[in-house]
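Report on one structure; see the data block that follows.
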Amino acid sequence: MRHGFAPSRTLLLACAAPAVAFFAAFWLLPVALLLALPAAKGWATYFAVLTHARYLQSLLQTLGLSLAVTLATLVLGALVGITLARQRFRGRQLLLSLLTLPLSFPGVIVGFFMILLGGRQGLVADLSDQLGLGRTTFAYGLTGLFLAYLYFSLPRAIATYTAAAGAMDAALEEAARSLGASRWRVARDVWLPELAATTLACGAIVFATAMGAFGTAFTLASKFEVLPITIYNEFTNYANFALAASLS
55 MRHGFAPSRT LLLACAAPAV AFFAAFWLLP VALLLALPAA KGWATYFAVL THARYLQSLL
115 QTLGLSLAVT LATLVLGALV GITLARQRFR GRQLLLSLLT LPLSFPGVIV GFFMILLGGR
175 QGLVADLSDQ LGLGRTTFAY GLTGLFLAYL YFSLPRAIAT YTAAAGAMDA ALEEAARSLG
235 ASRWRVARDV WLPELAATTL ACGAIVFATA MGAFGTAFTL ASKFEVLPIT IYNEFTNYAN
295 FALAASLS
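To get the working numbering, take the position in the sequence shown, counting from 1, and add 54.
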């Protein structure tokens, strides 16, 4: 038995070794370094993050923007995803493919699209100028970042909710309706509990993505500073590695 078990154990260790090495090199060691850099200067860098007006404002702005994007994404994603899961019509798969197409776009491309829409030479600026309202722009501030983040995150929520709603047991809703439950009662007692885990997982992913989004923010955030840009400036422009690690 021992001779038969040893090769299997050796093979298991051999297969696990690359995964362990990858995990250590690309997650464990960087995280340990992030903790070690500020620790070398004590609590001063963490204190600076919470007391310096610029850093604190960047942190709070990023948190507020991420929460707003997460809530909007969950609401719109749930409405569209549940509708697509329940309704069968011609062109449904094509519509779903178009709605989830932005999944393949990097953040920089999403930011570029927003500039084409609401930038200084964008579509909205040209239309507002022709209407005599001046050149209206919104791409480079809070509105542009919110719409770009929403555009970037919404396809993930739609795909997730469509799959989750399609896998639900239709008998639960039919039983609730047969007992006289209204649409709102069905949504509260059937849909919300069934999709609670999906909402939690999707919300966590969207929030984390919005907090760490760099490409879109780098393209658009000229009037509204967010945390990834602050970290980039401290690390690249000022070589303040300890403070950048504290912000991270």
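Each residue gets a CB set at the ideal place from its N, CA and C atoms; glycine is no exception.
For residue i, the three-state DSSP class (helix, strand or coil)
i	result
ASN294	coil
ARG142	coil
THR154	coil
TYR203	helix
GLY220	helix
TYR215	helix
SER276	coil
ALA229	helix
TRP245	helix
TYR194	coil
MET55	Per-residue confidence for MET55 stands at a pLDDT of 46, beneath the threshold of 50, marking its modelled position as unreliable; the derived number appears in the next sentence. Correct three-state label for MET55: coil.
ARG108	helix
GLY131	helix
GLY118	helix
GLY188	coil
GLY234	coil
Rounded distance between the beta-carbons of residue j and residue i, thought under 8 Å
i	j	result
VAL123	GLY269	So it is not a contact: roughly 15 Å between Cβ atoms.
LEU138	THR216	5 Å
SER120	PHE261	5 Å
LEU157	ARG210	7 Å
Closest residue to residue i among the options (Cα-Cα distance)
i	options	result
LEU170	THR273, LEU130, PHE278, PRO282	THR273
MET222	VAL164, ILE136, PHE167, THR191	ILE136
TYR205	GLY188, THR252, GLY131	GLY131
GLY165	GLY176, VAL129, ALA202	ALA202
PHE200	LEU149, THR263, TYR109	THR263
LEU133	ALA298, MET265, THR284, LEU246	LEU246
ALA193	GLN147, ALA299, LEU177, LEU185	LEU177
LYS277	GLY186, ILE285, SER112	SER112
Backbone CA spacing between residue i and residue j [nearest angstrom]
i	j	result
GLY173	ASP243	44 Å
GLU279	PHE159	23 Å
THR116	ARG237	36 Å
LEU301	ARG142	47 Å
LEU66	ALA75	14 Å
ALA219	THR252	9 Å
ILE259	ALA71	28 Å
LEU196	PHE167	16 Å
TYR292	PRO92	16 Å
THR99	ALA275	24 Å
MET55	SER62	Confidence at MET55 is low in this model, with a pLDDT of 46, below 50, so the placement of that residue is unreliable and no value is reported for it.
ALA255	PHE289	31 Å
LEU88	THR127	31 Å
LEU281	ALA102	14 Å
PHE59	ALA224	For PHE59, the predicted structure reports a pLDDT of 48, less than 50, and the residue's modelled location is therefore unreliable. A value from the coordinates is still provided. Taking the straight line joining both Cα atoms gives about 47 Å.
ALA73	LEU82	12 Å
LEU233	ALA250	23 Å
LEU152	ALA68	43 Å
ASP180	THR154	29 Å
ALA78	GLY266	21 Å
GLU228	THR191	49 Å
GLN147	TRP97	54 Å
ALA230	ARG140	16 Å
Endpoints, alpha helix (DSSP H) assigned at residue i
i	result
PRO282	281-286
TRP238	237-240
SER302	Neither: SER302 is in no alpha helix (DSSP H) and is coded neither H nor E.
PHE101	98-105
THR176	Looking at the sequence itself, residue 176 is Gly, so the reference to Thr does not match. No alpha helix (DSSP H) contains GLY176, which DSSP labels as neither H nor E.
PHE166	161-172
ALA250	250-266
Any non-hydrogen atom of the ligand FMN closer than 7 Å to residue i Cβ
i	result
LEU199	The ligand content of the structure shown is nil, which means the ligand FMN is not present either.
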